[in-house]
Structures are given as C-alpha cells and as structure tokens.
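With full-length UniProt numbering applied, the sequence shown covers 1 to 248. Glycine is no exception: its CB is placed at the ideal position from the N, C-alpha and C atoms. Quick caveat, the model's predicted, so the values are computed rather than measured.
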Amino acid sequence: MTDLTGKSAIVTGSSRGIGAEVAKNLAAQGAGVVINYRQKAPRANKIVAGITEAGGRAVAVGSDLTTPEGPTALVDAAIENFGSLDVLVLNASGGMESGLGEDYALRLNRDAQVSMLEAATAKMSPGSRVVFVTSHQAHFIDQVETMDAYEPVARSKRAGELALREFIPALEAKGIGFVVVSGDMIEGTITATLLDRAEPGAIEARRAAAGKLYSVVEFGAEVAAMVTADVPTGHTEYVGGAGDFLKK
1 MTDLTGKSAI VTGSSRGIGA EVAKNLAAQG AGVVINYRQK APRANKIVAG
51 ITEAGGRAVA VGSDLTTPEG PTALVDAAIE NFGSLDVLVL NASGGMESGL
101 GEDYALRLNR DAQVSMLEAA TAKMSPGSRV VFVTSHQAHF IDQVETMDAY
151 EPVARSKRAG ELALREFIPA LEAKGIGFVV VSGDMIEGTI TATLLDRAEP
201 GAIEARRAAA GKLYSVVEFG AEVAAMVTAD VPTGHTEYVG GAGDFLKK
C-alpha cells in the first residue's frame, strides 16, 4: 500500500498515547480508523471527535483484547463502518498495572496479540499490512538486561513478537505483510511514568544512555509511516536506532 484513501485500519490501544497518534496519522492519510479502548470511553470519543473535525473517519470501540470476544468486536466494527480491513496496528500493551493478575502481561502482550492477528487477518485482503509495536528493551531482552520493574513486560512482549513471527509464512501466502517497529523508552507514555515511579531516575538514565528519547507524537508518526513503507515482510524498524543494543 502507498495510499490509504478508502482503506481502513484497526489501531489497538488507541485512546491515548502512541496509539492515538498512530490513529490520527493514518486518518490524516485517508484511512477510516477503529479507535480501541478498554475502559475510558470519553477519552476514545475525544480522539474520534478530533479526527472527524479534521475531515477524517473514525469510530471508537470498547474492547478488552484479553477476552474471547474482544478482537472480533474490532474486526466487525471495521467491516461494518468502513467496508474492509486493510491495516492492523498491534499497539496495545501493558503489564505494569496493578490488580489485573500476575499473568496479565503475558495474556495481553502475547496471547491477545495472537488472537487479534488471527481475527483480523481472516478478513484482510492481499496487500494489507500488520504492524507490531514493541520496545528495544523487549526486542533485545534475551541479549540485554533491562530494568527490574520492566522485565516481566519486556519478556512477555518478546514472547508476543516471536509468536506473531511464526505466522509470517501463512501471512505471506495470503499476501499480507508483517512489520515490527521497535523504539526506545518513549517520553510521556504510561509505561515510562510507571517505570520511573517504580525506579526513580530510570527514564533520565535511559535518556542519557540513548542521547535522545522520542516523544509520543514523534514515535506515533514513525509507527504510522511503517504502514506504507517499502520494506520486506518480517522487517524490524529500529526507530531512533538501537546502537547500544545491537553492540551486545
């Protein structure tokens, strides 16, 4: 795909942060976008309102991806509202929240990603694309240690990426592309906030090591760009580089 006019996209976890920025970018390029939220309907509706006021197309759908019916609800919304499903951005992640169970990180970052992929690609046509959003800390967790508070999230996200990559041959057979976008810690995300709360100074230390940390707006634009980028399936895009990780 080089043009999103008339296409449609699901962006998981898009009522705020990176997902919201990705959704706004895709809508600005002509895609109808399904905005996914788990609990905060007013926040999601605000994103939809901003997109429609700018002349775009969007709909908000409440859906918990860790439930059996969650992924299907998003796919149905894309088809019913926009007539097709051409792009899936797997942005939703978590695991540092409290009160959601010890296995929540794995259920969301691996199991729900696979369920969402299966539900979406059953309806996607040749030429469509799936983009999985991860972090350098997760992508390289088997080679580079990360902060203690983030390790369960990192390992579950890496497990999710590996599980998704197993589908590449089947996706290729259907003409569906698969791309991974990996970024460093992102300024202003809930994960960065929780991490800095758990380990004060962690974000500043990472900023010093990396030289620069992307903002939510900057990273969201980079993720959106990979939806139409001319890259082979299975490609990993290291946003901002990953020099100190790649050296390990």
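- Pairwise C-beta distances place the segment 106-114 out of contact with the segment 196-210, as fewer than three of them are shorter than 8 Å.
- With fewer than 16 other CB atoms across the displayed protein chains lying within 10 angstroms of its CB, Gln39 is exposed.
- Straight through space, the alpha carbons of Ala58 and Thr52 are spaced by roughly 7 Å.
- When the five nearest sequence neighbours on each side are left out, the beta carbons in the same chain lying within less than 6 Å of the beta carbon of Phe82 are those of Ser8 and Gly32, in order along the chain.
- The beta carbon of Ala159 sits closer than 8 Å to the beta carbons of Leu106, Asn109 and Arg110 from its chain, once the five residues preceding and following it are set aside; these are given in chain order.
- Remark: C-beta atoms of Val179 and Glu222 do not approach each other more closely than 8 Å.
- In the structure shown, the three-state DSSP call for Phe82 is helix.
- Contact between the segment 109-124 and the segment 67-76 is present: 3 or more CB-CB pairs across the two stretches fall below 8 Å.
- Beta-bridge annotation (DSSP): Ser215 is paired with Glu187.
- Within the same chain, and ignoring the five residues on either side of Ser84 in sequence, the residues whose Cβ sits closer than 6 Å to its Cβ are Ser8.
- At a Cβ-Cβ threshold of 8 Å, Val34 and Asn91 do not count as neighbours.
- Judged by beta-carbon spacing, Glu161 lies beyond the 8 Å limit of His136, meaning their Cβ atoms are not closer than that value.
- Taking the Cβ atoms as the reference, Arg129 lies roughly 17 Å from Ile79, outside the contact range of under 8 Å.
- Boundaries of the beta strand (DSSP E) around Gly32: Gly32 to Tyr37.
- Counting along the chain, no alpha helix (DSSP H) covers Ile10; the unbroken beta strand (DSSP E) around it starts and ends at Ser8 to Val11.
- Following the DSSP letters along the chain, one finds Gly19 inside the alpha helix (DSSP H) bounded by residues Gly17 to Ala28.
- Excluding its 5 nearest sequence neighbours in each direction, Gly95 has C-beta neighbours in its own chain below 7 Å: Tyr104, Ala105, Leu108, Asn109, Pro152, Val153 and Ser156, listed in chain order.
- The alpha-carbon separation between Lys212 and Asn45 amounts to approximately 32 Å.
- Rounded to whole angstroms, the separation of the alpha carbons of Ala23 and Ala224 is 8 Å.
- In the DSSP assignment, Ser156 falls within the unbroken alpha helix (DSSP H) covering Glu151 to Arg165.
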